[in-house]
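If you're matching them up, the sequences are chains A and B in order. In case it helps, the numbering used here puts the first sequence at residues 385 to 559. In case it helps, the numbering used here puts the second sequence at residues 385 to 559.
Protein chains: 2
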Amino acid sequence: MEGEPTRIMMGVNESTIKGYPHASISSKGAFEWTLQKIVRSNTSGFKLLFLHVQVPDEDGFDDMDSIYASPEDFKNMKNRDRARGTHLLEFFVTRCHEMGISCEAWIKRGDPKEEICHEVKRVQPDFLVVGSRGLGPFQRVFVGTVSEFCAKHAECPVLTIKRRADEAPQDPVDD
Amino acid sequence: MEGEPTRIMMGVNESTIKGYPHASISSKGAFEWTLQKIVRSNTSGFKLLFLHVQVPDEDGFDDMDSIYASPEDFKNMKNRDRARGTHLLEFFVTRCHEMGISCEAWIKRGDPKEEICHEVKRVQPDFLVVGSRGLGPFQRVFVGTVSEFCAKHAECPVLTIKRRADEAPQDPVDD
C-alpha cells in the first residue's frame with residue numbers, strides 16, 4: 385500500500401552565531417518539526433535528503449586574518465571548510481539513523497537559493513523543506529530570503545517553516 | 385507514540401472555469417498530493433481542516449445580469465452562494481470520509497489571504513497547505529497571490545503546492 389517513500393529535501397545550514405558550530409536554529413527547528421508533524425511514527429514512509437550549501441564568501445570570513453604563504457595553506461582552508469560541512473550533516477544523519485529514517489546528505493558550494501533550486505531540479509524530491517528566520521521586512525533587506533525565493537522558484541512543493549519566536553537569538557538576524 | 389494527530393489546514397476554492405462547478409484545479413491537486421505524499425497510509429495521524437473563503441465580489445459576478453426586486457431575491461442569492469460553498473466542501477469531506485481521515489470544513493467570507501491568516505491564528509493548525517497556479521510574474525499581477533502572502537504572514541508553517549504544468553487549463557489564469 386505504501387510504495388516508494390516520500391522524498392523530502394531539506395536545505396540546512398550552519399548557525400551564524402559566533403562560537404556555535406552547529407546547525408542553525410531554523411534548520412534544526414525545521415528538521416525537528418518535520419519529524420514530529422510529518423513523519424510521525426511512519427518512519428519507513430519517508431526519506432530525508434539533506435542539502436548543505438556552503439557560501440564561499442561567508443565560509444571564508446574567518447580567513448580575513450589568515451595569511452596564505454603556500455598552496456598548502458589553501459588546502460588546509462578547504463579541508464577545514466569540508467570538515468565543518470561534514471560536521472553539520474553528521475548531526476542530521478545521526479539523528480535520522482537513531483530514528484530509523486533513511487536519508488542522504490551532500491554539500492554544494494554557491495548561492496544557497498540557486499543551488500537549492502538547481503538540486504531540486506536534479507534530484508526531484510517530492511517536496512522541499514526550508515527553515516526561515518521569520519524576519520520582518522526591514523531585517524530581511526540585509527539577509528536575503530532563501531525561503532521566499534525557493535517557494536516561488538523551486539520545481540516542487542515547498543514547506544516554509546519559520547523559526548519559533550521563543551527561539552530567536554538576541555540579534556534576530558543571527559540564526 | 386503517535387499522540388494528537390497533525391492538524392493540516394487547507395485553503396480550498398472553486399474553479400474559475402465557467403460551467404465547471406467544482407474545486408479549482410490547484411485546490412484539488414494540493415489535496416490529492418497531501419494525501420499521497422504526507423498522509424500516506426497513516427490516516428489516523430492527520431486531521432484535515434478545510435477552509436473555503438468566499439469572495440463577495442467574485443461570487444456575486446453572475447449577479448450582474450440579475451434583477452433584485454425584493455428582499456427575497458437577495459435571500460435567494462445568499463442561499464445559492466451557501467449551496468455552492470457547501471457543494472465545494474462536500475467534495476473534500478466525502479473524500480476524507482472514504483479514506484478514514486478525520487476532517488472539518490467551514491466557510492468564511494472576505495479576502496482569501498486575510499481570512500486564511502486570520503483563521504490560522506484562531507484555529508492554530510500545525511501547518512497550512514495552499515495550492516498555487518504557479519504563474520509567472522506577468523500573469524501574477526492580475527490575479528494576486530494568496531499563497532505568497534500566506535507563506536509570509538501565516539503564523540504557522542506553510543506548504544505551497546504549485547499546479548502541475550500538465551494540468552494547467554488553456555488560459556493559465558483560470559484554475
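Here a beta-carbon is modelled for each residue, glycine too, at the ideal position from N, C-alpha and C.
Q.
Determine whether the beta carbon atoms of residue 439/A and residue 493/A lie at a separation below 9 Å.
A. To locate residue 439/A, count along the first sequence from 1; it is residue 55. To locate residue 493/A, count along the first sequence from 1; it is residue 109. Their beta carbons are under 9 Å apart, which means residue 439/A touches residue 493/A by this criterion.
(Q) List, in chain order, every chain A residue whose beta-carbon is nearer than 9 Å to that of residue 542/B. (A) In the second sequence, the residue the question calls residue 542/B occupies position 158. Ordered by position in chain A, the residues that pass the 9 Å Cβ test against residue 542/B are 535, 542, 543, 544, 545, 546.
Q | Beta bridge counterpart(s) of residue 489/B as assigned by DSSP | A | As a first step, residue 489/B must be located in the second sequence, where it is residue number 105. Answer by DSSP bridge pairing, in chain order: 434/B.
Q | Distance between beta carbons of residue 503/B and residue 435/B, contact taken as under 8 Å | A | Along the second sequence, read from residue 1 onward, the residue named residue 435/B stands at position 51. Along the second sequence, read from residue 1 onward, the residue named residue 503/B stands at position 119. Their Cβ separation, rounded to whole angstroms, is 5 Å, which keeps residue 435/B and residue 503/B in contact under 8 Å.
(Q) Looking at the strands, I want to know which residues DSSP matches up with residue 516/A. (A) For the purposes of this step, residue 516/A is taken as the residue at position 132 of the first sequence. Partner(s): 546/A.
Q. Where residue 544/B and residue 393/B are concerned, what is the direct C-alpha to C-alpha distance, given to the nearest angstrom?
A. Position 160 of the second sequence, counted from the start, is the residue given in the question as residue 544/B. Position 9 of the second sequence, counted from the start, is the residue given in the question as residue 393/B. Roughly 12 Å between the two C-alpha positions.
Q: Label residue 548/A either buried or exposed according to how many other C-beta atoms from any shown protein chain fall within 10 Å of its C-beta, with 16 as the threshold for buried.
A: Locating residue 548/A in the first sequence gives position 164, where the first residue counts as 1. By the 10 Å Cβ count, residue 548/A comes out exposed.
Q | Pairwise C-alpha distance: residue 469/B and residue 561/B | A | Lying outside 385 to 559, the shown extent of chain B, residue 561/B is not represented and no answer is given.
(Q) I need the boundaries of the alpha helix (DSSP H) containing residue 484/A, first residue and last residue. (A) Counting from one through the first sequence, the residue named residue 484/A turns up at place 100. It is not in any alpha helix (DSSP H) - residue 484/A carries neither H nor E in the DSSP assignment.
Q) Hey, would you say residue 400/B sits closer than 9 Å to residue 558/B, going by beta carbons? A) Along the second sequence, read from residue 1 onward, the residue named residue 400/B stands at position 16. Along the second sequence, read from residue 1 onward, the residue named residue 558/B stands at position 174. Yes, Cβ-Cβ distance for residue 400/B and residue 558/B is below 9 Å.
Q | C-alpha gap between residue 486/A and residue 482/B, whole angstroms | A | For the purposes of this step, residue 486/A is taken as residue 102 along the first sequence, with counting starting at 1. For the purposes of this step, residue 482/B is taken as residue 98 along the second sequence, with counting starting at 1. Distance between the alpha carbons of residue 486/A and residue 482/B: 31 Å.
Q.
Could you check whether the Cβ of residue 556/A sits closer than 9 Å to any Cβ belonging to chain B?
A. Your numbering for residue 556/A matches position 172 in the first sequence. False, the Cβ-Cβ gap to chain B never drops below 9 Å.
Q: Go to residue 392/A, then tell me how far its beta strand (DSSP E) extends in each direction, as first and last residue.
A: Here residue 392/A refers to the residue found at position 8 of the first sequence. Where residue 392/A is concerned, the enclosing beta strand (DSSP E) stretches over 390-396.
Q | Any 3 or more C-beta pairs closer than 8 Å across the stretch 453-464 of chain A and the stretch 410-424 of chain A | A | They do not touch, by the three-pair rule.
**Q.** Proximal residues, the stretch 485-496 of chain B versus chain A, C-beta separation under 7 Å
**A.** Flagged: no residues at all.
Q) With respect to the alpha helix (DSSP H) encompassing residue 413/A, which residues constitute its N-terminal and C-terminal limits? A) Taking the first sequence and counting its residues from 1, one reaches residue 413/A at position 29. From DSSP, the alpha helix (DSSP H) with residue 413/A extends over 409-418.
**Q.** Rounded C-alpha distance that separates residue 397/A from residue 415/B
**A.** Start at 1 with the first residue of the first sequence, and residue 397/A comes out as number 13. Start at 1 with the first residue of the second sequence, and residue 415/B comes out as number 31. Separation of residue 397/A and residue 415/B (C-alpha to C-alpha, rounded to the nearest whole angstrom) is 31 Å.
(Q) Would you say residue 390/B lies against chain A (beta-carbon separation less than 9 Å)? (A) In the second sequence, residue 390/B corresponds to position 6, counting from 1. True, the Cβ-Cβ gap to chain A drops below 9 Å.
Q: Whole angstroms is fine: what's the gap from residue 539/B's alpha carbon to residue 497/A's?
A: Counting from one through the second sequence, the residue named residue 539/B turns up at place 155. Counting from one through the first sequence, the residue named residue 497/A turns up at place 113. For residue 539/B and residue 497/A, the gap between their C-alpha atoms comes out near 23 Å.
Q) For residue 511/B, which residues does DSSP report across the bridge? A) Mapped onto the second sequence, residue 511/B falls at position 127. Bridge pairing for residue 511/B: 392/B [DSSP].
(Q) Tell me the DSSP secondary structure of residue 471/A in three-state form. (A) Start at 1 with the first residue of the first sequence, and residue 471/A comes out as number 87. For residue 471/A, the three-state secondary structure derived from DSSP is helix.
Q. Terminal residues of the continuous alpha helix (DSSP H) containing residue 406/B?
A. Position 22 of the second sequence, counting from 1, holds the residue named residue 406/B. Taken as a continuous stretch (DSSP letters only), residue 406/B belongs to no alpha helix (DSSP H), as it is neither H nor E.
Q. Assuming residue 406/B contacts residue 475/B under a Cβ cut-off of 8 Å, what Cβ separation, rounded to an integer in Å, is found between them?
A. For the purposes of this step, residue 406/B is taken as residue 22 along the second sequence, with counting starting at 1. For the purposes of this step, residue 475/B is taken as residue 91 along the second sequence, with counting starting at 1. In this structure residue 406/B touches residue 475/B by the C-beta definition: roughly 7 Å separates them, less than 8 Å.
Q) Contact check, residue 410/B vs residue 517/B under 8 Å by CB: the rounded distance? A) Indexing the second sequence from 1 puts residue 410/B at position 26. Indexing the second sequence from 1 puts residue 517/B at position 133. Indeed, because the Cβ distance is near 6 Å, the residues count as touching under 8 Å.
Q: Would you identify the three-state DSSP class for residue 424/B, choosing helix, strand or coil?
A: The sequence position of residue 424/B within the second sequence is 40, counting from 1. In this structure, residue 424/B counts as coil in the three-state DSSP scheme.
**Q.** Backbone CA spacing between residue 541/A and residue 512/A [nearest angstrom]
**A.** Position 157 of the first sequence, counted from the start, is the residue given in the question as residue 541/A. Position 128 of the first sequence, counted from the start, is the residue given in the question as residue 512/A. In a straight line, the C-alpha of residue 541/A is about 6 Å away from that of residue 512/A.
Q.
residue 514/B and residue 395/B - do their beta-carbons sit closer together than 9 Å?
A. Numbered from its first residue, the second sequence carries residue 395/B at position 11. Numbered from its first residue, the second sequence carries residue 514/B at position 130. Contact flag set, yes.
Q. According to DSSP, is residue 540/A helix, strand or coil?
A. Walking along the first sequence from the start, residue 540/A turns up at place 156. Residue 540/A falls in the coil class under three-state DSSP.
(Q) When you compare the CB of residue 511/B with every CB in chain A, is at least one pair closer than 9 Å? (A) Numbered from 1 along the second sequence, position 127 holds the residue referred to as residue 511/B. Output row for residue 511/B: interface = yes.
(Q) Less than 8 Å between C-beta atoms, sequence neighbours within five positions excluded: which residues of the same chain meet that for residue 495/A? (A) Start at 1 with the first residue of the first sequence, and residue 495/A comes out as number 111. The answer, listed in chain order, is 437, 439.
Q | C-beta neighbour in chain B for residue 412/A, strict 9 Å | A | Translated into the one-based positions of the first sequence, residue 412/A becomes position 28. So, not an interface residue.
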